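Visitor: Just so you know, the protein sequences line up as chains D and R, in that order.
Under our numbering, read the first sequence as residues 142 to 252, first letter to last.
Under our numbering, read the second sequence as residues 59 to 231, first letter to last.
Take this structure first; my questions come after.
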Amino acid sequence: MRGLGDARIKIPDRIAKGETILVNSIVSHPMDTGFFRTAEGKPIPAWFIKDVVVTYGGEEVARFEWTSGISRDPVVSFMLKADKEAPLTMVWTDTKGSAFTRTVEIRFTAA
Amino acid sequence: MSLEQPFSRRNFVRAMGLAAAGLAGSGAVQGSDRLLAMTGVLPAGCDPEVPNEQIARIIQEITGGRPIQSGNKGHMALDMPAVAEDGRVVPVIIESNLPMTPERYVKAVHLIVDHNPDPHLAVFHLTPALGEVSIQTRIKMKRTTWVRALLVTSTGDVWADYARVNVTLNGCG
């Protein structure tokens with residue numbers, strides 16, 4: 142992972158219509174708890190992703206509410222019933238209001 | 059087996075039952091509870107003790123007072139390592155075999171870490187479009203504690219599973 146908010150969504154290479162697939166995701170973020178200090182003793186304020194919205198073909202299929210208890214560079218994976226060829230989008234929003242978006246296309250491979 | 063036998067199997071079983079009842083009144087069972095807590099294995103249908111008001115409030119908010127179903131015949135599993143060497147990165151897997159149909163589905167999964175500064179760590183809101191419940195992520199843990207996963211269905215059922223995780227390095231600061 143490089144800069145803040147860099148995100149990846151990984152889906153299987155081959156997807157058959159109606160198959161339930163595993164979706165893996167990662168986003169680059171410090172997920173600061175607000176309990177740590179810098180080497181100079183300055184407190185590091187809390188700053189973390191608090192909300193993740195997953196849409197498939199424009200329809201919200203999942204939404205995650207997070208706290209700073211999720212590890213740095215958050216990963217989350219979940220299942221998705223691939224019943225249509227449509228974009229799968231994830232939007233991660235942090236406590237400063239920054240939103241990081243990533244989209245992959247769900248396409249079926251000919252059987 | 060002859061009924062005249064002074065120590066029939068039935069009597070033996072009864073004697074064992076009485077012995078167990080006697081133990082229940084002493085500290086021995088408490089000791090074995092502690093042992094169970096240490097090994098992270100709970101007897102079916104037993105939930106780990108709620109440690110404080112805050113956790114009680116979180117659970118009450120989720121369940122709305124409805125009974126929590128758990129134990130061997132449960133429909134969900136919380137999978138975590140028994141020992142987490144680095145509390146900053148502890149893997150979590152939550153799975154359920156409950157249906158994901160428009161009529162009946164898993165609406166939300168809550169993750170609670172008893173002794174973290176912010177115990178209600180995450181909520182995963184789900185829909186039937188997912189087809190199946192299998193969530194993986196990585197969390198921070200401050201110290202050795204119980205982790206609770208509470209699942210709420212669209213019909214209002216509440217299922218739970220628990221994991222006792224020993225944390226070597228504090229991951230919360």
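C-beta: ideal position from N, C-alpha, C; glycine also.
These figures come from a predicted structure and were not determined experimentally.
Could you give the DSSP three-state label for residue 187(R): helix, strand or coil?
Guide: DSSP places residue 187(R) in helix when its eight states are reduced to three.
Visitor: Select from 224(D), 168(D), 222(D), 216(D) the residue whose C-alpha is nearest the C-alpha of residue 240(D).
Guide: The candidate whose alpha carbon is nearest that of residue 240(D) is 168(D).
Visitor: Tell me whether residue 196(D) counts as near the ligand NAD, meaning its Cβ is closer than 7 angstroms to at least one heavy atom of that ligand.
Guide: Absence of the ligand NAD from the depicted structure is noted, as is the absence of any ligand whatsoever, leaving it without description.
Visitor: Looking at the C-beta of residue 156(D), does it have a partner C-beta in chain R at a distance below 8 angstroms?
Guide: With 8 angstroms as the cut-off, residue 156(D) does not count as an interface residue toward chain R.
Visitor: Roughly how far, in whole angstroms, is the beta-carbon of residue 136(R) from the beta-carbon of residue 219(R), given that I think they are within contact range, below 8 angstroms?
Guide: Yes, residue 136(R) and residue 219(R) are in contact; Cβ-Cβ is about 4 angstroms, under 8 angstroms.
Visitor: Is it buried or exposed for residue 183(D), if we count other Cβ within 10 angstroms and need 16 for buried?
Guide: It is exposed - the Cβ of residue 183(D) has fewer than 16 other Cβ atoms within 10 Å.
Visitor: Threshold first: 3 residues or longer. Then list the beta strand (DSSP E) segments lying entirely within the region 130 to 183 of chain R, N to C.
Guide: Counting only runs of 3 or more, we get 134 to 137, 148 to 154, 164 to 171.
Visitor: Report the three-state DSSP secondary structure of residue 202(R) (helix, strand or coil).
Guide: Three-state result, residue 202(R): coil.
Visitor: Hey, would you say residue 152(D) sits closer than 8 angstroms to residue 245(D), going by beta carbons?
Guide: Yes, Cβ-Cβ distance for residue 152(D) and residue 245(D) is below 8 angstroms.
Visitor: Just tell me which of 221(R), 211(R), 209(R), 175(R) has its CA closest to the CA of residue 211(D).
Guide: Considering only alpha carbons, the answer is 175(R).
Visitor: Give the residues of chain D in contact with residue 189(R), contact being defined as C-beta atoms less than 7 angstroms apart.
Guide: Going along chain D in sequence order, the residues near residue 189(R) (Cβ under 7 angstroms) are 161, 220, 221, 222.
Visitor: Might you give, ordered along the chain, the residues of its own chain that have their beta carbon closer than 7 angstroms to the beta carbon of residue 162(R), omitting 5 neighbours on each side?
Guide: The answer, listed in chain order, is 211, 212, 213.
Visitor: Using the Cα positions of residue 208(D) and residue 161(D), report the straight-line distance between them to the nearest angstrom.
Guide: Roughly 28 angstroms separates the two Cα atoms.
Visitor: Counting pairs of beta carbons, one from the region 186 to 198 of chain R and one from the region 103 to 114 of chain R, are three or more of them closer than 8 angstroms?
Guide: Judged by Cβ distances under 8 angstroms, the region 186 to 198 of chain R makes no contact with the region 103 to 114 of chain R, as fewer than three pairs qualify.
Visitor: In angstroms, rounded to a whole number, what distance separates the CA positions of residue 177(R) and residue 116(R)?
Guide: Approximately 9 angstroms, taken between the alpha carbons.
Visitor: Which partner residues of residue 205(D) appear in the DSSP bridge assignment?
Guide: BP columns for residue 205(D) point to 193(D), 182(R).
Visitor: Please determine if the region 185 to 200 of chain D and the region 231 to 240 of chain D are in contact, where contact requires at least 3 C-beta pairs separated by less than 8 angstroms.
Guide: Contact holds: three or more Cβ-Cβ distances are below 8 angstroms.
Visitor: Have a look at residue 243(D) and residue 218(D) and give me their C-alpha separation to the nearest angstrom.
Guide: When rounded, the distance between both Cα atoms is 14 angstroms.
Visitor: Taking Cβ positions, are residue 241(R) and residue 207(R) nearer each other than 8 angstroms?
Guide: Outside the shown range of chain R, which is 59 to 231, sits residue 241(R), and nothing can be said about it.
Visitor: Buried or exposed: which applies to residue 182(R), given that a residue is buried once 16 or more other Cβ atoms fall within 10 Å of its Cβ?
Guide: Flag for residue 182(R) reads buried.
Visitor: Can you tell me which of 164(D), 188(D), 223(D) puts its alpha carbon nearest to the alpha carbon of residue 173(D)?
Guide: Among 164(D), 188(D), 223(D), the Cα nearest to that of residue 173(D) is on 188(D).
Visitor: Report the option in 248(D), 235(D), 224(D) whose CA atom is closest to the CA atom of residue 188(R).
Guide: Checked all of 248(D), 235(D), 224(D); the closest Cα to residue 188(R) is 224(D).
Visitor: Using the three-state DSSP reduction, which class does residue 162(D) fall into: helix, strand or coil?
Guide: In the structure shown, residue 162(D) sits in a strand (DSSP, three-state: E or B).
Visitor: Sort 217(R), 222(R), 223(R), 229(R) by Cα distance to residue 120(R) and report the nearest one.
Guide: The residue with the shortest Cα to Cα distance from residue 120(R) is 217(R).
Visitor: Rounded to a whole number of angstroms, what is the C-alpha to C-alpha distance between residue 104(R) and residue 128(R)?
Guide: So the two alpha carbons sit approximately 7 angstroms from each other.
Visitor: When burial is assigned at 16 or more other CB atoms within 10 Å of the CB, is residue 154(D) buried or exposed?
Guide: Residue 154(D) comes out exposed.
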